[in-house]
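Each residue of the sequence shown is one higher than the last, beginning at 304 in our numbering. So the structure is just underneath, and the comments pick up after that.
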Amino acid sequence: MILFIRTDKPTAELYVYSENKQLDEFFWQGDRQLADTLLVNIQELLSRNNAKLNGIKGIVVFTGKGSFTGLRIGSTVANTLAYSYQILVVSGEGKDWQADGLKKLTSAKLGQYVVPKYHSEPNITKPKN
Numbered sequence: 304m305i306l307f308i309r310t311d312k313p314t315a316e317l318y319v320y321s322e323n324k325q326l327d328e329f330f331w332q333g334d335r336q337l338a339d340t341l342l343v344n345i346q347e348l349l350s351r352n353n354a355k356l357n358g359i360k361g362i363v364v365f366t367g368k369g370s371f372t373g374l375r376i377g378s379t380v381a382n383t384l385a386y387s388y389q390i391l392v393v394s395g396e397g398k399d400w401q402a403d404g405l406k407k408l409t410s411a412k413l414g415q416y417v418v419p420k421y422h423s424e425p426n427i428t429k430p431k432n
């Protein structure tokens with residue numbers, strides 16, 4: 304099974320694929336609760352499909368352009384799961400990010416991680432005097 308994670312916008316998306324065919328999907332309003340809900344919803348989606356994290360063979364995470372915080376959360380969760388369960392992880396980019404990720408999984412190696420791509424420099428508020 305392959306897990307797909309997209310967290311670049313207010314509506315977060317999860318998908319599970321088996322043999323390059325989509326089995327299920329789950330969308331929810333992540334917004335400011337994304338960090339609290341992402342892992343719970345991954346577990347729920349896997350459970351609905353009689354799967355467990357240790358049965359995942361690959362993770363594809365959308366890496367940008369998009370929300371700075373959303374992209375950080377999605378890539379951090381993907382990298383952490385990949386490290387913890389020895390799962391391949393790759394980035395998916397562009398309009399066809401899922402197909403892009405599936406193609407990249409064929410040459411992925413354990414221990415490689417993804418980083419988000421931001422569309423602009425961070426907007427850091429200057430401290431008040």
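Beta carbons: idealized from backbone N, C-alpha and C, even for Gly. Quick caveat: nothing in here was measured; it's all calculated off a predicted structure.
**Asked** Using DSSP with H/G/I as helix, E/B as strand and the rest coil, what is isoleucine 359?
**Response** coil
Check: Measuring CA to CA, which of Pro313, Leu374, Phe371 and Leu413 is closest to tyrosine 388?
Finding: Leu413
Would you report the Cα separation of alanine 385 and glycine 333, rounded to the nearest angstrom? 22 Å
Any contact between the region 344 to 359 and the region 388 to 402? By contact I mean 3 or more CB pairs, one from each, below 8 Å. yes
| Would you call proline 313 buried or exposed, if buried means 16 or more other Cβ atoms sit within 10 Å of its Cβ? | exposed
- Message: In this structure, how does DSSP classify glutamine 415 when only helix, strand and coil are distinguished?
- Response: coil
Should the region 373 to 380 be called in touch with the region 323 to 343, which here means at least 3 C-beta pairs below 8 Å? yes
6 Å Cβ shell around isoleucine 305 - same chain, five flanking residues per side excluded
Tyr320 and Gly361
Item checked: Euclidean distance between Cα positions of lysine 429 and threonine 409 -> 44 Å
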